[in-house]
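Here the protein sequences come in this chain order: V and U. Its first residue numbered 170, the first sequence is counted upward by one per residue in this note's numbering. Its first residue numbered 822, the second sequence is counted upward by one per residue in this note's numbering. We put the CB at the ideal spot given by N, CA and C, even for glycine.
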Amino acid sequence: MATVQVSEAEKVYILHGIRDDLRVDGRGCEDYRHMEIETDVVSNTDGSAKVTLGHTAVLVGIKAEIGKPRPLVPNEGYLEFFVDCSANATPEFEGRGGEELGTELSNTLYKVFNNKHSVDLKSLCICPGEHCWVLYVDVLLLQCDGNLYDAISVAIKAALFNTKIPRVHISTDEEGGKEIELSDDPYDCMRLNVENVPCIVTLCKVGHRHVVDATLQEKACSVASLIISVTHKGTVTCTRKVGGGSLDPESIFEMTEAGKRVGKALHAPLMKVLQQEEHLGKKKQKVGFLG
Amino acid sequence: MPTDTKRLRGPEVSQSPSLFLCRPPAVLPSQGPRADGRQRDQVDVRPVFVRCGLVSQAKGSAYIEAGNTKLMCCVYGPRETERKDETDMKCGRLTTDMRFAPFSCPERGSWIQGSQDKDFSLMLHESLQPAICLHKYPRSQIEVNVMVLENSGSVLAHAITCASLALADAGIEMYDLVLGCSVRQDGASCVVDPSYEEESNCSSGSSENQGGLTVAFLPSLNQISGLQSDGEMTEEILTAGVRTCIEGCYKLYPVIQQALAKAVRKAAPPPSES
């Protein structure tokens, strides 16, 4: 992850502040920064969303393509994740520098969605064993200011909510081969149910306390973080410890509990905002990338 | 393109014959004893066989066998680093690499590292880093290479144990041995140290609480250096799973210590009374 150099005095200042539940920008230990979400920003995709969390900006584009289902699960479609850390975010990502971080992020995303309930894969099936919808979720990091996992997961949830998959009709022609026809009406599409899509919460251990949504300076003062992905019901789909330090089992239990609480509370306002934006329809003010 | 009319070419992509089975493989029951006779909901790890110092060319090496899971680890270093960044001046660098032999899993894998292999290598790195005194090896690089010869379940946990043994065999200074343990939650019951069939089993019965958890633990310091879970579980089940893994690591500790002591005694036999 992109790092900043933090002096010893600054580290002590941040540590003491967090000990008293007061962070450098005035937030409490479990508060998020200002988050802005906009969906349908890229017209060439089937679904897209842009999320700005403080100074971190993430753009997700989803394209649905027709492919062959996986051999072991012939009646399900699947999702493919790819995270691109471009040199726009920080100069450290120039060339192949960002590849390692990108692979780590996409592998975690695969684990987060590796269960039966997050996305209904059976609804992505067109013809069992032959054709299915493959959703290519491509994440682009525009700006990096800490807490990438959270921003990416919120953006993916918003983009999946926004995804419009065209309806297909299967017809058999004279020789018995199957033909796929896309409906002519561009508004005739299938939407995904994103109720169970989890959100990722990153908790950084700073001193003896944990903080949610750490900035780069706070991350430089922590030894280890715990990533936990939570659904709206409170089910945990993936946890992972990142960083080069070790954690006490008691802190892990504390952080899991806090992560579950924070993650569960994130879903309701997020769905409300997404539905509000959807209802605005044509009246929606497009902010775009220069807002 | 000119086509070759004299030869009959088979399909370009080859598949495993197990995909063409008439009957799908039986789903393992989530109650009753496990396939290999161990108990559910109890810390019943497979007995391990460990040996250090097998590879003569490596600074340190270890081989671990647990049930049918077989893996070996070699440690090279401390060596001089090729790249010299600022960070290397103060402390050493640890490189980990975990590979699967193509014949190790029921389906043939490829030699080219997939993203899953890289993920395992990263987890291994995160689990080992807190335990090694890297500040004692400035400007050096320690390489840890794990090769999985046969994958019969909980491969990451055993790789962590094997790697820390190999590091100790190489004489790298560490704060403590790192032991790994994994559990699989299957509905209401949890199985410790799952085999390959238990890991990939998706029981169609209960859809709640299906998942796997791997923990890397430093026993004498009581610290968790690595944690990874997937599937879906409630927070209580996750916490209980972590506690079970810690217990499993404590059970494994004396065996690993004995193996290490044996290897040291063999390498440098105590002076005989004369």
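Proximal residues of chain U, C-beta to C-beta of residue i below 9 Å
i              : result
P240 (chain V) : Q836, S837 and L840
E426 (chain V) : E1056 and T1060
Contact set between residue i and chain U, taken where Cβ atoms lie within less than 8 Å
i              : result
R188 (chain V) : Residues of chain U passing the Cβ test: none, with the nearest at roughly 21 Å.
N283 (chain V) : D1051 and G1052
K429 (chain V) : E1056
Residue i and residue j closer than 9 Å at C-beta
i               : j               : result
L222 (chain V)  : D319 (chain V)  : yes
A258 (chain V)  : C313 (chain V)  : yes
V381 (chain V)  : D215 (chain V)  : no
V306 (chain V)  : F251 (chain V)  : yes
V1036 (chain U) : V1063 (chain U) : yes
G1033 (chain U) : E1020 (chain U) : yes
S985 (chain U)  : E901 (chain U)  : no
D194 (chain V)  : R378 (chain V)  : no
F330 (chain V)  : L241 (chain V)  : no
S1010 (chain U) : R861 (chain U)  : yes
V967 (chain U)  : M919 (chain U)  : yes
A383 (chain V)  : V375 (chain V)  : yes
I325 (chain V)  : V308 (chain V)  : yes
P951 (chain U)  : Q1044 (chain U) : yes
P1015 (chain U) : S975 (chain U)  : yes
Candidates the options, of which the one nearest residue i by Cα
i               : options                              : result
A991 (chain U)  : U:G858, U:C873 and U:V869            : U:C873
I339 (chain V)  : V:C301, V:V363 and V:T406            : V:C301
L372 (chain V)  : V:L416, V:I334 and V:M359            : V:L416
M995 (chain U)  : U:R1005, U:A1009, U:M919 and U:H956  : U:H956
P1040 (chain U) : U:P1015, U:N1022, U:C1066 and U:A980 : U:C1066
V896 (chain U)  : U:V866, U:S839 and U:L949            : U:L949
M1054 (chain U) : V:E245, V:H286 and V:R202            : V:H286
T917 (chain U)  : U:E928, U:P899, U:C926 and U:L943    : U:L943
G197 (chain V)  : V:C368, V:I183, V:V392 and V:A437    : V:I183
E179 (chain V)  : V:E447, V:H448, V:L385 and V:E426    : V:L385
E971 (chain U)  : U:V999, U:C954, U:E928 and U:S936    : U:E928
E273 (chain V)  : V:G432, V:E207 and V:V411            : V:V411
C954 (chain U)  : U:A883, U:L988 and U:Y1017           : U:L988
Q1006 (chain U) : U:L1042, U:D997, U:S1093 and U:N1030 : U:N1030
A1080 (chain U) : U:F1038, U:A1061, U:E1068 and U:C983 : U:C983
For residue i, the first and last residue of its enclosing beta strand (DSSP E)
i              : result
I953 (chain U) : Unbroken run through I953 (chain U): none, as it is neither H nor E.
T208 (chain V) : M204 to T208
A887 (chain U) : G881 to A887
S985 (chain U) : Here S985 (chain U) belongs to no beta strand (DSSP E); instead the alpha helix (DSSP H) covers V976 to D990.
E348 (chain V) : K347 to L351
H379 (chain V) : R378 to V381
Where the alpha helix (DSSP H) containing residue i begins and where it ends
i               : result
K429 (chain V)  : P418 to L449
Q386 (chain V)  : L385 to A389
R188 (chain V)  : E177 to R188
T890 (chain U)  : No alpha helix (DSSP H) holds T890 (chain U); the beta strand (DSSP E) holding it covers T890 to E901.
Y1017 (chain U) : Y1017 to E1020
Under 7 Å from the C-beta of residue i: neighbouring residues of chain U
i              : result
R409 (chain V) : L1048 and Q1049
I421 (chain V) : I1045, L1048 and V1063
Bridge-paired residues (DSSP) for residue i
i               : result
H224 (chain V)  : The partner list for H224 (chain V) (beta bridge, DSSP) is empty, contrary to what the question assumes.
G1047 (chain U) : U:A1037
C1066 (chain U) : Paired residue(s): none; C1066 (chain U) is not in a bridge.
H300 (chain V)  : V:C296
P335 (chain V)  : V:C358
M919 (chain U)  : U:V967
S1174 (chain U) : Within the shown structure, residues of chain U are numbered from 822 to 1095, placing residue 1174 (chain U) beyond reach of any answer.
E1053 (chain U) : U:Q1031
Residue i: contacting residues in chain V (beta-carbon distance under 7 Å)
i               : result
I1067 (chain U) : P418
L943 (chain U)  : E273
Q950 (chain U)  : G413
Listed by chain order, chain V residues near residue i by CB distance under 8 Å
i               : result
T1055 (chain U) : G403, T404 and V405
K947 (chain U)  : Per the sequence shown, the amino acid found at residue 947 (chain U) is Glu instead of Lys. Within chain V, the residues near E947 (chain U) are K410, V411, G412 and G413.
P1075 (chain U) : Those do not exist, as P1075 (chain U) stays about 20 Å from chain V at its closest Cβ, beyond 8 Å.
Proximal chain V residues relative to residue i, where beta-carbon distance stays under 9 Å
i               : result
S936 (chain U)  : T272, S275, N276 and Y279
D940 (chain U)  : T272, E273, N276, T277, Y279 and K280
L1039 (chain U) : S415
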